[in-house]
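S.K.:
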Amino acid sequence: MSGQTLAANVRTLATVDLSKVQLLAKSCPEAAQWTPSEFELSIGDVRGWVIGDTQILFGFIAVRVIAPAGEMELLNLAVGPNWRRKGFGSVLLNTALADCRANTYETVFLEVRESNERAIAFYKRHGFSISGRRPNYYRNPDESALTMSLRLTK
Numbered sequence: 004m005s006g007q008t009l010a011a012n013v014r015t016l017a018t019v020d021l022s023k024v025q026l027l028a029k030s031c032p033e034a035a036q037w038t039p040s041e042f043e044l045s046i047g048d049v050r051g052w053v054i055g056d057t058q059i060l061f062g063f064i065a066v067r068v069i070a071p072a073g074e075m076e077l078l079n080l081a082v083g084p085n086w087r088r089k090g091f092g093s094v095l096l097n098t099a100l101a102d103c104r105a106n107t108y109e110t111v112f113l114e115v116r117e118s119n120e121r122a123i124a125f126y127k128r129h130g131f132s133i134s135g136r137r138p139n140y141y142r143n144p145d146e147s148a149l150t151m152s153l154r155l156t157k
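In case it helps, the numbering used here puts the sequence shown at residues 4 to 157.
The structure is reproduced here in structure tokens:
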């Protein structure tokens, strides 16, 4: 892709995107692997954005608002293997963080596999810090999660 500019657009995740989102998630074993019914059931409670061109989905992010607490939980962020290291993950995360700020949420938190060093470094670059550990949080394979959080400034 050297020398080429990718025309990528960010837009709100819609029901019509779910099959592409699920396929993309399958290509990213480190992403949360939701079943089709979990994707469909979550669409009402979850905010999300996708990034891609007119034909290809490069990545997606899904978040959930924890209403009375003024918090947002980052549920899933994935960028397809062919589209990594091009800034798409940062664009998606920054889109979600801008939505948080616009809605005056105070904190964003997430869980990440303890072995996922690239994701941990990515979140740290965006201001997140490790706030805890959840033993045996993940299955297939079994693994602990690190909890990370970001306090948003007003």
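Cβ atoms here follow ideal geometry from the backbone N, Cα and C, with glycine treated the same way.
Note that this is a predicted model, so its numbers are computed, not measured.
Give me whichever residues DSSP pairs with Ser132 in a beta bridge.
M.R.: Here residue 132 refers to the residue found at position 129 when the sequence shown is read from its first residue. Beta-bridge pairing links Ser132 to Ser152.
S.K.: Between the region 138-149 and the region 91-109, are three or more C-beta pairs nearer than 8 Å?
M.R.: Not touching, per the Cβ criterion.
S.K.: Could you tell me the distance, in whole angstroms, from the CA atom of Val111 to the CA atom of Leu21?
M.R.: Translated into the one-based positions of the sequence shown, residue 111 becomes position 108. Translated into the one-based positions of the sequence shown, residue 21 becomes position 18. Their backbone Cα atoms lie some 24 Å apart in a straight line.
S.K.: Ile59: buried (16+ other C-beta within 10 angstroms of its C-beta) or exposed?
M.R.: Start at 1 with the first residue of the sequence shown, and residue 59 comes out as number 56. Ile59 is exposed by the Cβ-count criterion.
S.K.: Grab the span of the beta strand (DSSP E) containing Ala65 for me, first residue to last.
M.R.: Along the sequence shown, one-based indexing puts residue 65 at 62. Taken as a continuous stretch (DSSP letters only), the beta strand (DSSP E) holding Ala65 covers Leu60 to Ile69.
S.K.: Starting from Val94, trace the beta strand (DSSP E) both ways and give me its first and last residue.
M.R.: Numbered from 1 along the sequence shown, position 91 holds the residue referred to as residue 94. Element bounds for Val94: not the beta strand (DSSP E) but the alpha helix (DSSP H), Phe91 to Ala105.
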